[in-house]
Amino acid sequence: DPVLELSGLEKVYKRGEPGEVAVLRGAGVTVGPGEVVALVAPSGAGKSTLLHIAGLLDTPDTGEVKIAGDRMDGLSDRKRTRVRRQQVGFVYQFHHLLPEFSALENIVLPQLADGVSRSKADARAQDLLARVGLSGRVDHRPSALSGGEQQRVAFCRALANGPKLLLADEPTGNLDPGTSDVVFDALMELVRETGMGALIATHNLELAARMDRTVRLEEGRIV
Ligand code: ADP
Ligand code: ADP
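When the letters of the sequence shown are read in order and numbered with full-length UniProt numbering, they come out as residues 3 to 225.
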């Protein structure tokens, strides 16, 4: 099964009011296991709306959302939350690391919440941090990390529970080119190892060109 199937998505904000915007007008995209898809869209095109719908943080007016083959419409809020926590990882520009916890703990905590043992969770967090070049920052709190380092920790946290689907919005936006390559290579490696699928919004066309496929969101549709 594809890890993500969005079809016929329509979304209107402020329907019937002045300022009504039809953001999505039949958008659809499919992401297969082990596939990394770039989502390219001009600002205001509805990229965040699409990612929020894919991540079950928002619902479309019409259209279908399937994650790992299962339809998400009609699920109770509790079930949607469970799917989101267990199967979806998010990397957004405004990552909220827990300020009172270390880099390692920020990656360990979601695993503990998911029932993983402390030793396994620690080992996974150490492995993820090493992959993005942060082995030397394990015990740092977010305030003692640079913006780019915080973003890399947020990336590791998104992957902590081994999601089937990774959704990212400009995941390398605050990173310098060298670091951005390290994070991108780590992502591709994890995707190949685990069969996770990823939908990654970016304005960086060079980065998009290195992904498996690019889709473009224009006038509410994927072209
Ligand atoms: P992008 O991420 O591509 O910049 P968004 O999905 O954030 O686009 O927004 C697409 C359009 O929908 C924008 O014109 C935005 O102003 C509008 N929009 C987004 N969220 C809302 C909302 N909650 N209410 C009204 N309009 C919204
Ligand atoms: P938890 O309570 O375990 O953090 P949530 O169900 O609140 O889980 O969120 C699951 C994921 O969705 C987390 O990665 C969280 O950062 C992200 N998330 C939740 N709400 C939003 C939102 N409004 N915008 C962006 N990401 C969100």
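C-beta: ideal position from N, C-alpha, C; glycine also.
Evaluate residue i with the Cβ neighbour count: other Cβ atoms within 10 Å of its Cβ, from every protein chain shown; 16 or more gives buried, anything less gives exposed.
i, result
"THR83", "exposed"
"VAL225", "exposed"
"GLY18", "exposed"
"ALA125", "exposed"
"HIS98", "exposed"
"ALA115", "exposed"
"GLU191", "exposed"
"LEU100", "exposed"
Sort the options by Cα distance to residue i and report the nearest one.
i, options, result
"ALA40", "GLU220, SER50, ILE224 and ILE202", "ILE202"
"PHE92", "LYS13, SER182, ARG126 and HIS54", "HIS54"
"THR204", "ASP124, LEU136, GLY36 and PRO173", "PRO173"
"LEU168", "PRO144, PHE186 and SER182", "PHE186"
"SER182", "HIS142, ASN206, GLY197 and GLU195", "ASN206"
"ASP79", "ILE69, GLY65, ASP60 and PRO20", "ASP60"
"GLY30", "GLU37, GLY18 and GLU12", "GLU12"
"GLY180", "SER45, ALA170 and LEU209", "LEU209"
"ASN176", "GLY46, GLN153, THR216 and ALA123", "GLN153"
"ALA105", "ARG17, PRO144, ARG73 and ARG133", "PRO144"
"ARG212", "GLU37, PRO20 and LYS16", "GLU37"
"THR196", "ARG215, ARG223 and GLY164", "GLY164"
"PRO35", "CYS158, ALA127, GLY135 and LYS166", "LYS166"
"THR51", "TYR15, THR32 and ILE69", "TYR15"
"residue 233", "ASP63, SER121, VAL193 and VAL42", "As displayed, the chain neither begins before 3 nor continues past 225, which places residue 233 out of reach and without an answer."
"ILE109", "HIS142, LYS81 and LEU77", "HIS142"
In the DSSP assignment, the alpha helix (DSSP H) including residue i goes from what residue to what residue?
i, result
"GLY150", "149-161"
"LEU52", "49-56"
"residue 1", "No statement about residue 1 is possible, as the shown extent of the chain runs from 3 to 225 and does not include it."
"LYS122", "120-133"
"ALA40", "No alpha helix (DSSP H) holds ALA40; the beta strand (DSSP E) holding it covers 38-42."
"LEU114", "105-115"
Check whether the Cβ atoms of residue i and residue j sit closer than 7 Å, and answer yes or no.
i, j, result
"GLN88", "ALA162", "no"
"HIS67", "LEU8", "Residue identity check: residue 67 is Val in the sequence provided, not His. A contact, by the Cβ cut-off of 7 Å."
"ASP3", "GLY71", "yes"
"ASP178", "GLN95", "no"
"LEU56", "LEU6", "The sequence given here places Ala at residue 56; Leu does not occur at that position. Against a cut-off of 7 Å, the Cβ pair of LEU6 and ALA56 comes out as a contact."
"GLY46", "LEU26", "no"
"ALA188", "VAL134", "yes"
"ARG223", "GLY21", "no"
"VAL140", "LEU147", "no"
At a Cβ threshold of 7 Å, is residue i touching chain C?
i, result
"GLY71", "Looking for chain C here will not work: only one protein chain is present."
Got a sec, what are the start and stop residues for the beta strand (DSSP E) residue i sits in?
i, result
"LEU26", "23-33"
"ALA140", "Note that residue 140 is Val in the sequence shown here, rather than Ala. Taken as a continuous stretch (DSSP letters only), VAL140 belongs to no beta strand (DSSP E), as it is neither H nor E."
"GLU12", "6-15"
"GLU66", "64-69"
Checklist entry - What are the complete alpha helix (DSSP H) segments, minimum 4 residues, inside the stretch 162-225? => result 179-196 and 207-211
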